[in-house]
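Note sheet for the following structure.
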Amino acid sequence: MKPSSPETEIRPSLGTRTRKGRAAPAVDSPWSGTPDREQQREAKRQAVLQAAAQLFNERGFSATSLDDIAARLGVSKPTLYYYVKNKDEILLQCVNQGLAMTLEGIEASRRAGGQAVDQLRACMQVYARIVTMDFGMCLIRVGDEQVPPDSRRELRRQKAAIDQAFRRLVAAGVQEGSLAPCDPKMTAFVIAGALSWIGRWYQPGGQYSAEEVAQQCIDTLMGGVLRRAQPARRAASAKRAASPPKD
1 MKPSSPETEI RPSLGTRTRK GRAAPAVDSP WSGTPDREQQ REAKRQAVLQ AAAQLFNERG
61 FSATSLDDIA ARLGVSKPTL YYYVKNKDEI LLQCVNQGLA MTLEGIEASR RAGGQAVDQL
121 RACMQVYARI VTMDFGMCLI RVGDEQVPPD SRRELRRQKA AIDQAFRRLV AAGVQEGSLA
181 PCDPKMTAFV IAGALSWIGR WYQPGGQYSA EEVAQQCIDT LMGGVLRRAQ PARRAASAKR
241 AASPPKD
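Residue numbers 1 to 247, in the UniProt record's numbering, belong to the letters of the sequence shown in order.
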């Protein structure tokens, strides 16, 4: 039987149950109001992707079905096909959005100008914030291994662009003297690896907000964990070292 159009399908408000006893959607859904075909279509497509990203993050890609995504939105499964072809396409678009958000944020931080070290910190803040959001978290938790090879190559090209942006900023920081001498490639790997891991363990509503997590991680990466001697203490140590031994 041909499904009803998603533009005219009427769904109950949040907090109620459907006629078939299904749970009402757990997230805001564009289908819960009176839709406008021209203005709502993109919002509905985005809602499908966001609901899917949330479920992929919570359950994993393999354990999430199109029925699960439809249930979260409070729509029928056939409705989803007006916006996406299949679950693989949904994942591809989710990961692509996570990468696009990251690249756009990094480029905006670089365009803002300033010293390389300031641009690097700004890019790190963008990266750390995005991996705590639905699409960025999906990029980290699910990754691109599940997408078709051709699409995977394009996604990895975008990942390489992020890596190169970090390398260039690290190299520029070393050159301007604001960063300690280091291997830009290895340092970029450490930065991206540490910040990416936030997307694995961060849980909204926990002890720290996303902003606090990002700030503490960046401060640790930029400042290190070793306690540095105070100037007076260093001077005293140097004086003792220069003093001749006593008989």
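Virtual Cβ for every residue (Gly too), placed ideally from N, Cα, C.
Buried versus exposed, by CB contacts within 10 Å (16 or more), residue i
i, result
"Met186", "exposed"
"Gly113", "exposed"
"Met1", "Interpretation of Met1 is limited by its pLDDT of 46, a score under 50 that renders its predicted location unreliable; no figure is taken from the coordinates."
"Asp134", "buried"
"Val225", "exposed"
"Gln97", "buried"
"Ala160", "exposed"
"Pro181", "exposed"
"Pro148", "exposed"
"Thr102", "buried"
"Thr220", "exposed"
"Asp144", "buried"
"Arg22", "Any reading at Arg22 needs caution, since the residue's pLDDT is 49, under 50, leaving its predicted position unreliable; the model's value is listed next. It is exposed - the Cβ of Arg22 has fewer than 16 other Cβ atoms within 10 Å."
"Thr16", "Reliability of the predicted coordinates at Thr16 is poor, the pLDDT of 39 falling under 50, and the value obtained from them is presented with this limitation in mind. It counts as exposed."
"Gln119", "buried"
"Lys87", "buried"
"residue 256", "Lying outside 1 to 247, the shown extent of the chain, residue 256 is not represented and no answer is given."
"Gly223", "exposed"
"Ala122", "buried"
"Ala214", "buried"
"Gly136", "buried"
"Ser109", "buried"
"Ala53", "buried"
"Ala100", "exposed"
Neighbourhood of residue i by C-beta, 7 Å cutoff - its chain only, sequence neighbours within 5 removed
i, result
"Leu80", "Val48, Leu66, Ile69 and Ala70"
"Thr51", "Here residue 51 turns out to be Ala, not Thr, going by the sequence shown. Cβ neighbours of Ala51 beyond the five flanking positions: Val27, Ile69, Arg72 and Leu73."
"Tyr83", "Lys44, Arg45 and Val48"
"Ile10", "Low confidence applies here, because Ile10 scores a pLDDT of 29, under 50, leaving its location unreliable; read the following figure in that light. Result list for Ile10: empty, nothing under 7 Å."
"Ala194", "Cys217 and Leu221"
"Ser151", "Leu92"
"Leu169", "Ala116, Gln119, Leu120 and Cys123"
"Ala171", "Pro184"
"Ser178", "Gln115, Ala116 and Val117"
Other residues of its chain near residue i: CB distance less than 8 Å, five sequence neighbours each side excluded
i, result
"Gln175", "Ala116"
"Ala192", "Tyr127, Ile162, Asp163 and Phe166"
"Arg227", "none"
"Arg59", "Asp68"
"Phe189", "Asp163"
Contacts around residue i, its chain only, beta-carbon distance under 6 Å, and the 5 residues preceding and following it disregarded
i, result
"Thr64", "Leu55 and Phe56"
"Met124", "Ile218"
"Lys77", "Leu66, Asp67 and Ala70"
So, does the region 198 to 209 touch the region 137 to 144, judging by three or more C-beta pairs under 8 Å?
yes
Between the region 200 to 215 and the region 155 to 173, do three or more beta carbon pairs fall short of 8 Å?
no
How do the region 84 to 95 and the region 118 to 133 stand: do at least 3 beta-carbon pairs fall below 8 Å, yes or no?
no
What ranges does the alpha helix (DSSP H) occupy inside the region 27 to 84, keeping only unbroken runs of at least 4 residues that lie completely in it?
37 to 59, 66 to 73 and 77 to 80
Please specify which runs of the alpha helix (DSSP H), each continuous and at least 4 residues long, are wholly inside the region 170 to 205, giving them in chain order.
184 to 201
Go through the region 105 to 140 residue by residue and report every complete run of the alpha helix (DSSP H) that reaches 4 residues or more, in order.
116 to 130
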